[in-house]
Amino acid sequence: MKKPKKSFFRITRKTLRNLGILGYSKKDNVFGINPLIISIIYIGITLGLAAVARKIVKLIFGDSERLAKHLILEFIATIELCAACYELIIIADNWGISSYALFLFLLTVWWGTQWEEATACPYNPLEDVLEGGKNTKTAILTVASQLVGALVTFKYVQVLWSLELVETHIDKAYDDCTADLQVDMSVGALIEAIATCLCRLVSRLLSETDATYGNYFDAFFGTMMVVAAFNFSGGYFNPALATSLKLGCDGNTFLEHVIVYWFGAICGSVLAVFIWKSNLFQNIIANMKPKSE
């Protein structure tokens, strides 16, 4: 009875090794597992916890439009975004920009189906204020909830990384981070502004025209913008995300961080609002919409 069991495990192990799942150093990787698998599992855990948290919030508040519900959902979405992107840094550092882009695209598609009204991005409430969809007090509280979520995220990530289950997480929980800005501050701010503006215009256009597979096109375009800016500013296009991942890192002063990742992105967002509302752009949108019978 024992011989078939032993043979089964040998076959299974050999198959997993051939698939690249096992076969790594057991000294630095639990069970000799591929470190990428652990990164994927950590991201999956984060998405799962966030999904459960959202369900709990909706059970408590129901269909209520209370501000508290909105703020909690923004807080959850921001932690989910930032925690997943911490792990994407590990993926980018060890498996390259292509793997990073693939996972970012898939995550963006997922978030587009899960977050509903949450954005996890500070310039979205500002856009709502400019367009009259939200009052200033609500916008400030929304940004505050996002910022708190961004700042506490690393405590959660630190718990996972401190386990050091694989070699790519060794010393990461307590290691000093380095800035991603590889260009002059003004150039970095311009990159973040232009890319944010383009991303917001494309996102609005796809939503307004109700484009088929719009969520996928939006995710693809955003991912390509991130990849294009990756070796220059890091391609964050989100002040809360940049604050969570890079505030206080070696290589940037506080002022540089604020100007590039806050001022730059917000300027791009505001510019997108004015371009969107211009007569020229509205005429273009009208011509793109299907004609009614």
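For the sequence shown, position 250 (counting from the first letter as 1) is numbered 264 according to our numbering, and the numbering increases by one without interruption.
We put the beta carbon where it would ideally sit given N, CA and C, even for glycine.
{"Check": "Beta-carbon proximity check, residue 308 vs residue 157, cutoff 9 Å", "Outcome": "Since the first residue of the chain shown is 15 and the last is 307, residue 308 is not available in this structure."}
{"Check": "Boundaries of the alpha helix (DSSP H) in which residue 180 is found, first to last residue", "Outcome": "Taken as a continuous stretch (DSSP letters only), residue 180 belongs to no alpha helix (DSSP H), as it is neither H nor E."}
{"Check": "Buried or exposed by the 16-neighbour rule on C-beta atoms within 10 Å, applied to residue 39", "Outcome": "exposed"}
{"Check": "Pairwise C-alpha distance: residue 111 and residue 65", "Outcome": "27 Å"}
{"Check": "Residue environment, residue 44, which counts as buried when at least 16 other CB atoms sit within 10 Å", "Outcome": "exposed"}
{"Check": "Run of the alpha helix (DSSP H) containing residue 299, from where it starts to where it stops", "Outcome": "293-302"}
{"Check": "Pick from 226, 279, 35 and 297 that is closest to residue 248, judged by C-alpha positions", "Outcome": "279"}
{"Check": "Residue 75 vs residue 82 beta-carbon contact at 9 Å", "Outcome": "yes"}
{"Check": "Identity of the residues DSSP links to residue 192 by a beta bridge", "Outcome": "264"}
{"Check": "Short Cβ contact (9 Å threshold) for residue 49 with residue 108", "Outcome": "yes"}
{"Check": "Residue 209 versus 285, 294, 179 and 254, residue with shortest Cα-Cα distance", "Outcome": "285"}
{"Check": "Alpha-carbon to alpha-carbon, residue 96 and residue 162", "Outcome": "12 Å"}
{"Check": "Close Cβ partners of residue 122 (< 8 Å) along its chain, the five nearest in sequence each way excluded", "Outcome": "232, 233, 236 and 237"}
{"Check": "Residue from 101, 239 and 277 whose Cα sits closest to the Cα of residue 51", "Outcome": "101"}
{"Check": "Contacting residues, own chain, Cβ-Cβ under 8 Å from residue 307 (five flanking each side not counted)", "Outcome": "At residue 307 the pLDDT is 46, less than 50, meaning the model places this residue with poor confidence and gives no usable figure here."}
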